[in-house]
Amino acid sequence: MDLNFTPEEEAFRSEVRAFLAAKLPARLSDKVASGKHLSKADMQEWHAILNARGWLANHWPEQWGGPGWTAIEKFIFENECALAHAPRIVPFGVNMLGPVLIKYGNEAQKRHWLPRILDGSDWWCQGYSEPGAGSDLAAVKTSAVRGTDAQGDHYIVNGQKTWTTLGQHANMIFCLVRTNREAKKQEGISFLLIDMTTPGVEVRPIITLDGEHEVNEVFFSDVRVPAENLVGEEDKGWTCAKYLLTYERTNIAGVGFSVAALEQLKGIAAKQTKNGKPLNEDPAFAARLARVEIDLENMLTTNLRVIAAVAGGGVPGAESSMLKIRGTEIRQEISSLARRAMGVYGRPFVAEALQDGYEGETFGPAYASAAAARYFNNRKLSIFGGSNEIQKNIISKMILGL
1 MDLNFTPEEE AFRSEVRAFL AAKLPARLSD KVASGKHLSK ADMQEWHAIL NARGWLANHW
61 PEQWGGPGWT AIEKFIFENE CALAHAPRIV PFGVNMLGPV LIKYGNEAQK RHWLPRILDG
121 SDWWCQGYSE PGAGSDLAAV KTSAVRGTDA QGDHYIVNGQ KTWTTLGQHA NMIFCLVRTN
181 REAKKQEGIS FLLIDMTTPG VEVRPIITLD GEHEVNEVFF SDVRVPAENL VGEEDKGWTC
241 AKYLLTYERT NIAGVGFSVA ALEQLKGIAA KQTKNGKPLN EDPAFAARLA RVEIDLENML
301 TTNLRVIAAV AGGGVPGAES SMLKIRGTEI RQEISSLARR AMGVYGRPFV AEALQDGYEG
361 ETFGPAYASA AAARYFNNRK LSIFGGSNEI QKNIISKMIL GL
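By full-length UniProt numbering, the letter at position 80 of the sequence shown is numbered 80, and the numbering carries on one by one without gaps.
Right, dumping it as structure tokens:
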């Protein structure tokens with residue numbers, strides 16, 4: 001296969017670069033590049049800019065507000081955004097729920113929820129993992145019991161979700177709930193849309209190792225959910241879940257983010273010194289740097305192969321698991337090398353230094369402030385979205401037939 005971009009694709013890349021140069025606020029790109037925390041307002045600002053251009057939901061069909069791009073154009077856009085240090089699009093509404101609604105939602109659900117995702121009326125979060133159901137997602141116990149009263153058909157939801165990313169900002173959550181305890185694990189699950197302002201919903205923060213409030217626990221106590229918020233068929237939500245996870249795992253690979261991080265790492269290695277010479281001339285460090293660059297180039301080729309298959313009508317299967325494994329390992333290795341390159345300056349972690357307006361003492365060069373936080377935060381990449389060990393099992397079954 002030809003991995004070179006066509007003249008039309010190169011022209012599109014130039015268009016994306018021009019858009020980013022003109023519309024991406026320097027304040028936001030500087031925060032992303034330096035590893036500072038983005039506020040809810042920061043994320044909403046970039047969301048609105050992309051939506052105004054019609055480029056927010058770049059993998060949606062034109063009928064529902066997408067730009068009608070090819071798979072290659074999507075790849076180019078995401079890669080260029082990462083290289084420009086644009087904020088990551090909050091994925092839960094646009095990249096996860098949107099495709100599920102387009103494929104499995106009824107007409108009324110599409111017409112109601114999809115425009116609200118685009119214009120930012122709703123901020124969605126994901127209710128998948130539970131204390132006893134992480135990689136074994138089919139073990140979810142949060143229950144939804146169907147009933148009817150004077151207000152109509154509804155579900156009463158009870159249970160707990162955990163690791164709910166950015167749930168503190170969300171007003172809506174899509175959940176996997178158990179609607180049939182007698183069926184096999186995967187066959188008794190349904191996909192529900194729940195308003196988080198409903199009585200009985202409680203959000204509790206989880207502070208992560210880098211000191212950030214990024215994830216949460218969400219508790220449901222007799223939460224009433226209209227039956228019209230069921231997506232797809234009752235007890236068939238596992239189909240929606242698998243479809244969504246394919247998108248999530250491919251996105252977790254983060255090819256563009258790794259390319260941008262590698263460029264930053266090379267710059268650091270050229271500035272930092274060891275025994276009076278630039279660190280990139282140290283044989284041991286240079287070897288690790290070369291190894292991760294080779295791995296990244298190989299993953300880039302694999303990613304383009306998957307994109308070409310999708311463009312030809314295929315659906316990612318084991319390939320999304322492969323990308324998830326290698327992509328997360330590469331991102332972890334790059335953050336590890338960046339922290340190592342800082343030497344003693346990579347050890348201190350001052351959480352306040354990653355907030356806007358910090359004027360206190362810093363240790364070493366400015367780019368050292370986020371080294372420890374990025375390293376610790378990236379430990380999670382090989383766990384969420386289905387741990388890498390689970391992905392290896394999927395590969396062994398789908399490809400090797402084991």
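The C-beta atom is built at its ideal place from N, Cα and C for all residues, glycine as well.
Assigned secondary structure, Lys274 (DSSP; H/G/I helix, E/B strand, else coil)
strand
For Ala133, name the three-state secondary structure that DSSP assigns.
strand
Of the residues Val177, Met172 and Glu9, which one's Cα is nearest the Cα of Val145?
Val177
Quick check on DSSP: helix, strand or coil for Phe92?
helix
Is the separation between the beta-carbon of Phe191 and that of Gly134 shorter than 7 Å?
no
In the DSSP assignment, the beta strand (DSSP E) including Phe191 goes from what residue to what residue?
Ile189 to Asp195
Taking Glu45 as part of the alpha helix (DSSP H), name the residues at either end of that continuous run.
Lys40 to Arg53
How about Arg374 and Ser335: are their beta carbons less than 7 Å apart?
yes
Which residue's Cα is closest to the Cα of residue 457: Val292, Asn275 and Leu402?
No answer is possible for residue 457: the residues shown for the chain start at 1 and end at 402.
DSSP on Arg128, reduced to helix/strand/coil?
What sits at residue 128 in the sequence shown is Tyr, not Arg. Coil, per DSSP.
Rank Trp46, Lys110, Val231 and Gly254 by C-alpha distance to the C-alpha of Glu297 and give the top, closest one.
Gly254
Which same chain residues end up closer than 8 Å to Asn280 when comparing Cβ atoms and leaving out the 5 residues on each side of it in sequence?
Lys266, Ala269, Ala270, Ala286 and Leu289
Just verifying my parser: in three-state terms, what is the DSSP assignment at Leu118?
helix
Going by DSSP, which residues form a beta bridge with His37?
For His37, which the question treats as bridged, DSSP gives no partner whatsoever.
Beta-carbon proximity of Ala368 to Tyr345, cut-off 7 Å
yes
Which first and last residues belong to the alpha helix (DSSP H) in which Pro99 is found?
Gly98 to Tyr104
Top-ranked residue by Cα proximity to Arg88, from Val201, His37, Gly200 and Asp136
His37
Residue range of the alpha helix (DSSP H) that Pro7 falls in?
Pro7 to Lys23
Out of Val157, Gln272 and Gly256, which has the shortest C-alpha to C-alpha gap to Ser221?
Val157
Grouping DSSP H, G and I as helix and E and B as strand, with all else coil, what is Ser258?
helix
So, with DSSP's three-state summary, where would you put Thr328?
helix
Verify whether the separation of the beta carbon atoms of Tyr193 and Phe219 is less than 7 Å.
Going by the sequence as given, residue 193 is Leu instead of Tyr. Not a contact, by the Cβ cut-off of 7 Å.
Please return the same chain residues whose Cβ sits closer than 7 Å to the Cβ of Arg17, not counting the five positions on each side in sequence.
Glu80
Given a cut-off of 7 Å, decide if Glu62 and Gly54 are closer than it, judged by their beta-carbon atoms.
no
Is Gln355 helix, strand or coil by DSSP?
coil
Does Pro99 pass the burial test, meaning 16 or more other C-beta atoms within 10 Å, or should it be called exposed?
buried
Measure the CB-CB distance between Asn216 and Val201 and report whether it falls below 7 Å.
no
Going by the CB atoms, is the gap between Leu83 and Ala260 shorter than 7 Å?
yes
Under 7 Å between C-beta atoms of Ser258 and Arg331:
yes
Among the candidates Pro278, Ile117, Asp149 and Asp42, whose CA atom is the shortest distance from the CA of Leu56?
Ile117
If Phe75 sits next to Cys125, beta carbons under 8 Å apart, how far is it from one beta carbon to the other, in whole angstroms?
Actually they do not touch by this definition, with Cβ atoms about 26 Å apart.
Quick check: Gly188 and Asp235, are their CB atoms within less than 7 Å of each other?
yes
Bounding residues of the alpha helix (DSSP H) (the contiguous stretch that carries Gln391):
Asn388 to Met398
Could you check what DSSP says for Gly237 in three-state terms: helix, strand or coil?
helix
Which residues does DSSP list as the beta-bridge partners of Lys141?
Answer by DSSP bridge pairing: none, since Lys141 is not bridged.
Note the first and the last residue of the continuous beta strand (DSSP E) segment covering Leu158.
The residue asked about is misnamed: residue 158 is Asn in this sequence, not Leu. Its beta strand (DSSP E) spans residues Gly152 to Lys161.
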